[in-house]
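Visitor: Before we start, here is the structure in question, set down as structure tokens.
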Amino acid sequence: MKLGIIGTGYVGLVTGTCFAESGNDVICMDNNPEIIESLKNGKCPIYEPLLEELLRKNIKEERLGFTMDLKEVVNSSEIIFLCLPTPQGDDGTADVSRVISAAREIALILQEGKIIVAKSTIPVGTGEKIRNIFSINSVHKINYVYNPEFLKEGNAVMDFMSPDRVVIGSSSNKAIDIIKDLYSAFMRTSNRIITMDEKSAEITKYAANAMLATRISFMNDIALLCEKTGANIDSVRTGIGTDNRIGEKFLFAGVGYGGSCFPKDIKALIKTGDDNGIDFKLLKAVEEINYRQKLMLLHKIKRHFGEKLSGKKFAIWGLSFKPKTDDVRESPAIAIAQKILEDGGSVNVSDPVANEKARPFFKRKSSKLKFFENYYDSLKDVDALIVVTEWNEFRKPDFDKMKSIMKTPVIFDGRNIYNPKLLKEKKFVYYGIGK
Ligand SMILES: NC(=O)c1ccc[n+]([C@@H]2O[C@H](COP(=O)([O-])OP(=O)(O)OC[C@H]3O[C@@H](n4cnc5c(N)ncnc54)[C@H](O)[C@@H]3O)[C@@H](O)[C@H]2O)c1
């Protein structure tokens, strides 16, 4: 089929590339000239495993193209996917203005009926607004579908091509059948397509993220209890995760959730609740715990070094909000580094891929903040190492080498990736979470 993608970021680029890989003709549009220029040259503007290879292959085989011209996409596509950002608005609402404006622009360009698919995360009722925009601004009939995206950055290509499920929300049976057929390429072993009404699909996306964030905050609270009582959160996690009613995923205590989705989606769902007279007390607590947890390592650092951090130097390993991505939006590592700088300390940061993306997120330039390509180099003369993102290469480092580089052998492990016993043997002072 001929597909158009509007917004070529983490979701749009993966969607476009994977649909091209399954044989469709795809044209992707973005209003950022640097992104389009880079993509036209086969260079992926984001770090996402497998994506660049697939991108190049599909450009070469002429199934994938890029443009800044919305008209070109609208006129040449049978189905148009809206993959635009829906960031947090001032009052916590999801700001859907980009999606709404794009819908209006598309409606004005339309020369025939099309299927419009929204993939952005949008609050319940937004689909109705989008449909109204088309009926006011175009004589051509569109069939609207809400198809929320569940990919995880760092595993996005595999998640898209082998999804747990695909949710399709629409009142148009014709559109549902066409979108089902499009995804059938990824459903060879079993059919995991769930169809529902549009509003239920809108709520499904927020409910999924809220449930996952709740698990994280719950475990972080239990971790606190473990610390106070001398128990071990890893044992508790195994003890409960093996109950198949609970399951093993998303039970890791740590420095809290970050990223471009959970923080804003939890806020937006709370706001949608408020707008509908529902007080989401549980989600408010989830947020509060997460805020506390983001700064948990800092409390431990101050308990060890004292309130004043001036004269102290720290290495931070990991800047992306999780491994295998360069996305640093709402990253706990940046929040922690920022606080240390505010408190007078110096910070050496190192991330395998996210150094460049992280630079602009630091509010002020500071001679006390240094970026390192090599993570061992970042340890030179530091008073302590803080591990914030559990990249694989950080999991089994050479502790003897580390000790010889660091000023003092102290590790704050925000992801519980090290064995406290081993570190004790190696004469490190070790702080984990929940143990
Ligand atoms: N990133 C994820 O892991 C993920 C997962 C599921 C759902 N989502 C949701 O998908 C949506 C997109 O997220 P993302 O992470 O891909 O965002 P993103 O910021 O990575 O990408 C959005 C792209 O849209 C472009 N853009 C902005 N305004 C535009 C306009 N008017 N016309 C054309 N292009 C425009 C931007 O330049 C950018 O390249 C959001 O609603 C998000 O909540 C994201």
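Numbering (our numbering), first residue to last: 854 to 1288.
Even for Gly, the Cβ is constructed at its ideal location relative to N, Cα and C.
Keep in mind that this is a model prediction, so the values were computed, not measured.
Three-state secondary structure (DSSP) at Gly1252?
Guide: Counting from 1 along the sequence shown, the entry for residue 1252 is found at position 399. According to the sequence displayed, residue 1252 carries Phe and not Gly. Helix.
Visitor: Is the Cβ of Tyr1283 closer than 8 Å to any Cβ of chain D?
Guide: This model lacks chain D altogether, as it is built from one protein chain only.
Visitor: Quick one: grab the DSSP three-state call for Asn1227.
Guide: Residue 1227 sits at position 374 when you count from the first residue of the sequence shown. Here Asn1227 sits in coil by DSSP.
Visitor: Cα separation between Glu1132 and Leu1150?
Guide: On the sequence shown, residue 1132 is found 279 positions in, with the first residue counted as 1. On the sequence shown, residue 1150 is found 297 positions in, with the first residue counted as 1. In the sequence on display, residue 1132 carries Asp and not Glu. The straight-line gap from Cα to Cα measures roughly 31 Å.
Visitor: Under the assumption that Phe1215 contacts Gln1191 (Cβ atoms under 8 Å), give the Cβ distance between them as a whole number of angstroms.
Guide: Residue 1215 sits at position 362 when you count from the first residue of the sequence shown. Residue 1191 sits at position 338 when you count from the first residue of the sequence shown. Their Cβ separation, rounded to whole angstroms, is 7 Å, which keeps Phe1215 and Gln1191 in contact under 8 Å.
Visitor: Could you tell me how far apart the beta carbons of Pro1001 and Ala1054 are, in whole angstroms, since I believe they sit closer than 8 Å?
Guide: Along the sequence shown, read from residue 1 onward, the residue named residue 1001 stands at position 148. Along the sequence shown, read from residue 1 onward, the residue named residue 1054 stands at position 201. Between Ala1054 and Pro1001 the Cβ distance is about 6 Å, and since that is below 8 Å, they are a contact.
Visitor: Measuring only from the beta carbon, is Thr861 closer than 7 Å to any heavy atom that is part of ligand 1?
Guide: Reading the sequence shown from its first residue, position 8 is the one you call residue 861. Within the cutoff, so yes.
Visitor: Express the C-alpha separation of Lys1177 and Ile899 in angstroms, rounding to a whole number.
Guide: If you number the sequence shown from 1, residue 899 lands on position 46. If you number the sequence shown from 1, residue 1177 lands on position 324. Using only the alpha carbons, I get a separation of about 11 Å.
Visitor: If you reduce the DSSP assignment to three classes, tell me which class Ser1203 lands in.
Guide: Working through the sequence shown from its first residue, we reach residue 1203 at position 350. Here Ser1203 sits in strand by DSSP.
Visitor: Are there 16 or more other CB atoms within 10 angstroms of the CB of Val992, so buried, or fewer, so exposed?
Guide: Residue numbering aside, residue 992 sits at position 139 when the sequence shown is read from its first letter. Under this definition Val992 is an exposed residue.
Visitor: When DSSP labels each residue in this structure, what does Met882 get in the three-state scheme?
Guide: One-based indexing of the sequence shown puts residue 882 at position 29. Three-state DSSP puts Met882 in a strand.
Visitor: At which residues does the beta strand (DSSP E) containing Phe1265 begin and terminate?
Guide: Counting from 1 along the sequence shown, the entry for residue 1265 is found at position 412. Note, Phe1265: beta strand (DSSP E), Val1263 to Asp1266.
Visitor: With distances taken between CB atoms, is the gap from Leu1104 to Ile1123 smaller than 8 Å?
Guide: Taking the sequence shown and counting its residues from 1, one reaches residue 1104 at position 251. Taking the sequence shown and counting its residues from 1, one reaches residue 1123 at position 270. Not a contact, by the Cβ cut-off of 8 Å.
Visitor: When the Cα atoms are used, what is the spatial distance from Ile1069 to Asn1062?
Guide: Numbered from 1 along the sequence shown, position 216 holds the residue referred to as residue 1069. Numbered from 1 along the sequence shown, position 209 holds the residue referred to as residue 1062. Taking the straight line joining both Cα atoms gives about 11 Å.
Visitor: Give a yes or no on contact between the segment 855-873 and the segment 932-943, applying the rule of three or more CB pairs nearer than 8 Å.
Guide: yes
Visitor: According to DSSP, what are the bridge partners of Met1049?
Guide: To locate residue 1049, count along the sequence shown from 1; it is residue 196. Answer is Gly1022, bridged to Met1049.
Visitor: The alpha helix (DSSP H) spanning Ala947 covers which residue range?
Guide: Stepping through the sequence shown from its first residue, residue 947 is reached at position 94. First-last for Ala947: undefined, no H or E at that position.
Visitor: Is the separation between the beta-carbon of Glu925 and that of Gly980 shorter than 8 Å?
Guide: Here residue 925 refers to the residue found at position 72 when the sequence shown is read from its first residue. Here residue 980 refers to the residue found at position 127 when the sequence shown is read from its first residue. The answer is no: Cβ separation not under 8 Å.
Visitor: For Ala1237, tell me which candidate among Asp1034, Ile1056, Phe1167 and Met1014 has the shortest Cα-Cα distance.
Guide: As a first step, residue 1237 is located in the sequence shown; it is residue number 384 there, counting from the start. Closest option to Ala1237, Cα to Cα, is Phe1167.
Visitor: Give me the residue from Asn1269, Thr920, Leu1276 and Pro886 with the minimum Cα distance to Met1072.
Guide: Against the sequence shown, residue 1072 aligns to sequence position 219. Nearest of Asn1269, Thr920, Leu1276 and Pro886 to Met1072, Cα basis: Asn1269.
Visitor: Taking just the CA atoms, how far does Asn1026 sit from Lys806?
Guide: No statement about residue 806 is possible, as the shown extent of the chain runs from 854 to 1288 and does not include it.
Visitor: So, are the CB atoms of Ser1163 and Phe1174 less than 8 Å apart?
Guide: Position 310 of the sequence shown, counting from 1, holds the residue named residue 1163. Position 321 of the sequence shown, counting from 1, holds the residue named residue 1174. Contact: no.
Visitor: Just confirm the distance between the C-beta atoms of Val949 and Leu917, as a whole number of angstroms; I'd bet it's less than 8 Å.
Guide: Against the sequence shown, residue 949 aligns to sequence position 96. Against the sequence shown, residue 917 aligns to sequence position 64. Not quite, the Cβ-Cβ distance comes to about 27 Å (not below 8 Å), so this is no contact.
Visitor: Run through DSSP, which three-state label would Asn1000 get?
Guide: Here residue 1000 refers to the residue found at position 147 when the sequence shown is read from its first residue. Correct three-state label for Asn1000: coil.
Visitor: Flag Arg1041 as yes when its Cβ comes closer than 7 Å to any non-hydrogen atom of ligand 1, and as no otherwise.
Guide: Against the sequence shown, residue 1041 aligns to sequence position 188. Flag unset: Cβ of Arg1041 not near ligand 1.
Visitor: Indicate whether Leu1004 and Val864 have their beta-carbon atoms separated by less than 8 Å.
Guide: Residue mapping note: residue 1004 aligns to position 151 of the sequence shown, counting from 1. Residue mapping note: residue 864 aligns to position 11 of the sequence shown, counting from 1. Taking 8 Å as the Cβ cut-off, Leu1004 and Val864 qualify as a contacting pair.
Visitor: Using CA atoms only, rank isn't needed, just tell me which of Glu901, Ile889, Ile1142 and Lys910 is closest to Ala873.
Guide: By 1-based counting over the sequence shown, the position of residue 873 is 20. Ranking the options by Cα distance to Ala873, first place goes to Lys910.
Visitor: Would the C-beta of Ser1024 count as close to ligand 1, meaning under 7 Å from any of its heavy atoms?
Guide: On the sequence shown, position 171 is the one that residue 1024 refers to. It does not: the Cβ of Ser1024 is nowhere closer than 7 Å to a heavy atom of ligand 1.
Visitor: Would you mind reading off the limits of the beta strand (DSSP E) that contains Lys1166?
Guide: The sequence position of residue 1166 within the sequence shown is 313, counting from 1. DSSP places Lys1166 inside the beta strand (DSSP E), whose first and last residues are Lys1166 to Trp1170.
Visitor: By how many angstroms is the C-alpha of Leu1172 removed from the C-alpha of Asp1204?
Guide: For the purposes of this step, residue 1204 is taken as residue 351 along the sequence shown, with counting starting at 1. For the purposes of this step, residue 1172 is taken as residue 319 along the sequence shown, with counting starting at 1. Approximately 6 Å between the Cα atoms of the pair.
Visitor: Mind pulling the beta strand (DSSP E) runs of 3 or more residues that sit fully within the segment 916-972?
Guide: 917-920, 932-935 and 967-971
Visitor: CB of Glu901 to nearest heavy atom of ligand 1: below 7 Å?
Guide: Numbered from its first residue, the sequence shown carries residue 901 at position 48. Because no heavy atom of ligand 1 lies under 7 Å away, the Cβ of Glu901 does not count as near it: no.
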